[in-house]
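See structure below.
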Amino acid sequence: MKKNLLVTAIISVAAFTNVQLAQADEKWDAIASTAKGQTVYFNAWGGSDNINKYVKWAGDEVKKRYGVNVELVKITDAGEVVKRIKTEKEAGRNEGGSVDMMWVNGENFRALKTNGLLHGPWAESIPSWEFVDTNKPVRKDFSETTDGLEAPWGTAQLTFIADKNAVAEPPRSAKELLAFASKNNGRVSYPKPPNFHGTTFLKQLLSELVSDASILAEPVNEESFASVSQPLWDYLDKLHPVSWREGKAFPANNAEMHQKLADGELKLSLTFNPNDAANLVAKEQLPPSTYSFGFTNGTIGNVHFLAIPFNAKAKEGAQVFANFLLSPEAQVRKADITVWGDPSVLDASKLTAEQQAVFNKRAPGSLTEVNPTLPEPHATWVGALETEWLKRYGSQ
Amino acid sequence: MLALAGICLTLFPIVPGLLWVLSPAFNSATWVELVQDGQFNSAVLSTLGSAVGSTLLALIFASLVTMWIYPGRGWSLAQKQLPLFLAFPHIAFAIGIAFLIAPSGWLARGLANLLEWGSPPQWVSIRDPYAISLTLTLAIKETWFLIWIMATLLGEQAISRQITLANSLGYSRRQVWITALFPQLLPRMGWPLVAVLAYSLSVVDMAVILGPSTPPTLAVLSWQWLTDPDDMTQAKGSAAAMCLMLLLGLLILTGRGVWWGVKKLYRNPSGIRQPGKIFKSRLLGGIPVFIPGWLSLAILLLWSVAGGWFFPKLFPASLSLKSFNNADFEPMFTALWIGIATVLIALPLTLAWLEWGSRKHHGWLYAPLILPSLPIAAAQYHVLLSINLDSTAIGVIWSHLTWTFPYMLLVLVGPYYSFDARYLCTAQALGHSRFQACLNVKWPMLIRPILAAMAVGFAVSVAQYLPTLFSGGGRFATVTTEAVALSAGGNRRVLAVQSLLQTALPLCAFMSAIVLTAWYARNRQGLK
């Protein structure tokens, strides 16, 4: 009797799960068939040739396999897209918006989420989700929960680049960086905030200089902001007089810093992609003696995501595209250092040995050491830091 | 009637959009925020400095050049080079200049080889805080434009005969120019100068490439604020755009006042003949003003075929056509079809207006040339958004029409209104309707100015940056948007290739205009 009950229970649970899976499969089939013929306008940062080429490859594959057209819309900052979606919502455009999918994270995701500008949840219902490594921080974006509104695409870590012939011993902490800048007057700088590379550099410094780093995980408190961030402003007041153009001007973005590094005008450059330097060396944009390095106590790392706006015209097409981008084939190709080199969000144990081998490929210039990853501060710190920086140094 | 309808469709919808964009500026709280923002004061100063400075410098350079080489062999050499450099897009020129004078640019590399520098000097050349490099580059480009205007004006016999007359009375060239010719030329250059001033005041793409960044000029700042998600920042952007328009109005009034003052002061010129130098028609005199242009072109060409080229090498270590092979030609084709479509729509509108429109009241059509382009582009986006045409090809083409149409009108209005009316009269007397007469007689006879106007319209459409970005929602990447996006980037080879493609388009347009005119006039003596 009991055995029968147990067996019945097991069978019914199995059947129920099968029904659920079958339902999920059906739902996905419905989405995939609606997606055929749709055109997905994918708004993504277009500042890197390699990334653009990869997205084009992914678009071509998706067109071949699922009949979805993908158009890459290159943008300089995700904030513009947030503004555009917001304007469309205010103008009453609740359908047929101009953005179908966007590459986003951090404070821009938070702005989208709090203003109700996202479609979803959808991220955990796509078939590729089963490969995602949920031990990685893929459900939180700058301490804000994603709630399935965005799907993780890759990971990033702040990495510094230098030339072996000019910099034999690189600085490996904020303090060492200041000493390095003083010895190499006028050869150190960072992108002007609110460029996201510049803001991350500020966050990196703040996380090292603040007395208790855990306060950064909390939303910023207006009253305590001044005192908490004071060490950062003191540091910058010391750094700027010995930095490039005496801190009166800053490179516009990290690509400009790479160019200045190539010419020797700057001694350090920075990037989010640990394999960026390898790509640039391969394209003869940086000399072969370039190398990447991190800080001893770690540099800020994050996960970047894909999101779908609430008024997207091609919601199903976007999900099909995102599903492909999260598939093992696409993620492995993305992590291939000769293609893009962006680390994958997938669980390596769920991949074949061949695919895992791609993750270990190295090329001259890429980051060879393993540095700890520091967590991103809460999304609200970004706006506060940018505003304060502009107030203090935005006009000279 | 049709003409009026067409014009209205093109231009009037912008007005409600403009009101919507500027409406946050009517709130006094916005103005308080704006003035309190630390970046505002320096932005206004650098904007005013670069705009007034570049206009004045351009006027002075153009006057000096004209005074120096008109009307000899140097002048005709200059005239031959002018079309090339008028067609040279602002952005490509600015990028070339940036390649030249940057701390790691050609000039610095030359000096580095002479003075044995290991690293680039710590110069402050491009992106300097006082916008000097921006001012000078704008001045050079506008000098060429003003020389062209002066050439058109001097082409009128009434003026050039005065030089001969005054010379025969014993006056030196310099005296003739200063006392007789400039007082006549300058008032007629009034509106072109206003257009130049308006452009310098509201230029965004050149200011992004060469202008200061802490803080940027007011136009760039306004643009950054208008594309920010935060509401207050957006309102500040609208207020800044309104500020630009107010500044322009103020400067025009100041200019008028200065001219009135100058006229009052110099009411009684003395007729005393002053000693002067003998005028030699120097052939080489036609080159100096174009040297920056030639250098800019040369460095763009070099970068586009360079392999690895690091400081302090004066020439690339290796040459390769890899950049051209891997180049993305799509932005060029996008710019091409948008330009052609815009011109094909603007041409009937222009011709219809010139033929059937009012002759006296057409001043307001030139408004887009004089107003800052940023608020207009933002207004266009809002209008398109409300009728669901944003991010479409039609939207982008419509937004380009706003600037293409006035420029084509500008080029065509002179030859059109001075066309001998008797031809049309004769044709109509022979039984043709007015439209048929125009089609078969008038317009074919005006083929040269019409083709020139089309080339100019095409060049204007290719050079549009803000309208393509705003109305196209980022979906239409033209050579111009690509060049500006890449100008702050690391891959100088790709940037040089895109700049050259951007230059090639209007150049081809001008050359085909010349070739088509010559071909059409091959059997027609009167059209040559």
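Each protein sequence line maps, in turn, to chains R and C. In this text, residue positions in the first sequence follow the working numbering: the first is 1, and each later residue adds one. In this text, residue positions in the second sequence follow the working numbering: the first is 1001, and each later residue adds one. C-beta atoms are modelled at their ideal positions from N, C-alpha and C, and glycine is treated no differently. Please read all numbers here as calculations on a predicted model, not as lab measurements.
By the three-class DSSP mapping on this structure, what secondary structure does residue i have?
{"i": "residue 283 of chain R", "result": "coil"}
{"i": "residue 219 of chain R", "result": "coil"}
{"i": "residue 370 of chain R", "result": "coil"}
{"i": "residue 1389 of chain C", "result": "coil"}
{"i": "residue 1189 of chain C", "result": "coil"}
{"i": "residue 4 of chain R", "result": "helix"}
{"i": "residue 163 of chain R", "result": "strand"}
{"i": "residue 380 of chain R", "result": "helix"}
{"i": "residue 25 of chain R", "result": "helix"}
{"i": "residue 1309 of chain C", "result": "coil"}
{"i": "residue 305 of chain R", "result": "strand"}
{"i": "residue 141 of chain R", "result": "strand"}
{"i": "residue 312 of chain R", "result": "strand"}
{"i": "residue 1500 of chain C", "result": "helix"}
{"i": "residue 300 of chain R", "result": "strand"}
{"i": "residue 1213 of chain C", "result": "coil"}
{"i": "residue 293 of chain R", "result": "strand"}
Within the continuous beta strand (DSSP E) that includes residue i, where are the two ends?
{"i": "residue 157 of chain R", "result": "150-157"}
{"i": "residue 75 of chain R", "result": "69-75"}
{"i": "residue 115 of chain R", "result": "Note, residue 115 of chain R: premise wrong, no beta strand (DSSP E); not H, not E."}
{"i": "residue 1432 of chain C", "result": "Looking at the DSSP string, residue 1432 of chain C is not in any beta strand (DSSP E), and its letter there is neither H nor E."}
{"i": "residue 44 of chain R", "result": "39-45"}
{"i": "residue 1233 of chain C", "result": "That residue, residue 1233 of chain C, is in no beta strand (DSSP E); its alpha helix (DSSP H) goes 1231-1265."}
Quick one: Cα of residue i to Cα of residue j, how far?
{"i": "residue 223 of chain R", "j": "residue 77 of chain R", "result": "29 angstroms"}
{"i": "residue 291 of chain R", "j": "residue 160 of chain R", "result": "9 angstroms"}
{"i": "residue 310 of chain R", "j": "residue 147 of chain R", "result": "15 angstroms"}
{"i": "residue 143 of chain R", "j": "residue 383 of chain R", "result": "15 angstroms"}
{"i": "residue 48 of chain R", "j": "residue 191 of chain R", "result": "16 angstroms"}
{"i": "residue 1434 of chain C", "j": "residue 1424 of chain C", "result": "8 angstroms"}
{"i": "residue 233 of chain R", "j": "residue 217 of chain R", "result": "20 angstroms"}
{"i": "residue 968 of chain C", "j": "residue 1512 of chain C", "result": "Residue numbering for chain C in the displayed model covers 1001 to 1528; residue 968 of chain C lies beyond these limits and cannot be assessed."}
{"i": "residue 100 of chain R", "j": "residue 137 of chain R", "result": "25 angstroms"}
{"i": "residue 1050 of chain C", "j": "residue 1132 of chain C", "result": "7 angstroms"}
{"i": "residue 1215 of chain C", "j": "residue 219 of chain R", "result": "29 angstroms"}
{"i": "residue 1173 of chain C", "j": "residue 1346 of chain C", "result": "43 angstroms"}
Listing by chain order, which chain R residues have their CB less than 8 angstroms from the CB of residue i?
{"i": "residue 1385 of chain C", "result": "87, 88, 91, 93"}
{"i": "residue 1039 of chain C", "result": "390, 394, 395"}
{"i": "residue 1492 of chain C", "result": "259"}
Using a C-beta to C-beta distance shorter than 9 angstroms, which residues of chain R count as neighbours of residue i?
{"i": "residue 1399 of chain C", "result": "The contacting residues do not exist; residue 1399 of chain C stays about 15 angstroms from chain R at best."}
{"i": "residue 1124 of chain C", "result": "245, 248, 249"}
{"i": "residue 1155 of chain C", "result": "Near residue 1155 of chain C there are no residues of chain R at all, since even the closest Cβ is about 44 angstroms away, more than 9 angstroms."}
Check each candidate in the options and name the one with the smallest Cα separation from residue i.
{"i": "residue 85 of chain R", "options": "R:118, R:165, R:214, R:385", "result": "R:118"}
{"i": "residue 286 of chain R", "options": "R:165, R:5, R:156, R:128", "result": "R:165"}
{"i": "residue 1282 of chain C", "options": "C:1057, C:1034, C:1501, C:1067", "result": "C:1067"}
{"i": "residue 1053 of chain C", "options": "C:1022, C:1071, C:1127, C:1197", "result": "C:1197"}
{"i": "residue 296 of chain R", "options": "R:122, R:82, R:170, R:79", "result": "R:170"}
{"i": "residue 71 of chain R", "options": "R:259, R:33, R:98", "result": "R:98"}
{"i": "residue 1295 of chain C", "options": "C:1079, C:1096, C:1146, C:1085", "result": "C:1096"}
{"i": "residue 1092 of chain C", "options": "C:1111, C:1348, C:1494", "result": "C:1494"}
{"i": "residue 1199 of chain C", "options": "C:1126, C:1327, C:1244, C:1442", "result": "C:1244"}
{"i": "residue 243 of chain R", "options": "R:267, R:229, R:252, R:263", "result": "R:267"}
{"i": "residue 328 of chain R", "options": "R:23, R:130, R:103, R:93", "result": "R:130"}
{"i": "residue 389 of chain R", "options": "R:44, R:193, R:221", "result": "R:193"}
Strictly below 7 angstroms CB to CB, what residues from chain C border residue i?
{"i": "residue 98 of chain R", "result": "1390, 1391, 1473"}
{"i": "residue 253 of chain R", "result": "1488"}
{"i": "residue 49 of chain R", "result": "1491"}
What residue does the alpha helix (DSSP H) around residue i start on, and which one ends it?
{"i": "residue 1059 of chain C", "result": "1038-1069"}
{"i": "residue 1315 of chain C", "result": "Unbroken run through residue 1315 of chain C: none, as it is neither H nor E."}
{"i": "residue 104 of chain R", "result": "No alpha helix (DSSP H) contains residue 104 of chain R, which is instead part of the beta strand (DSSP E) from 101-104."}
Compute every distance between the C-beta of residue i and the non-hydrogen atoms of the ligand PLP, then say whether any falls below 7 angstroms.
{"i": "residue 104 of chain R", "result": "As presented, the structure is devoid of all ligands, the ligand PLP included, so that no description of it is given."}
In chain C, which residues lie less than 9 angstroms from residue i when you measure between Cβ atoms?
{"i": "residue 41 of chain R", "result": "1391, 1473, 1474, 1475"}
{"i": "residue 192 of chain R", "result": "1213, 1214"}
{"i": "residue 144 of chain R", "result": "Ordered by position in chain C, no residue passes the 9 angstroms Cβ test against residue 144 of chain R, which lies about 16 angstroms from the chain."}
{"i": "residue 285 of chain R", "result": "1308, 1490, 1491, 1492, 1493"}
{"i": "residue 76 of chain R", "result": "1485, 1488"}
For a contact meaning CB atoms closer than 7 angstroms, what does residue i contact in chain R?
{"i": "residue 1229 of chain C", "result": "79, 82, 83, 86, 111"}
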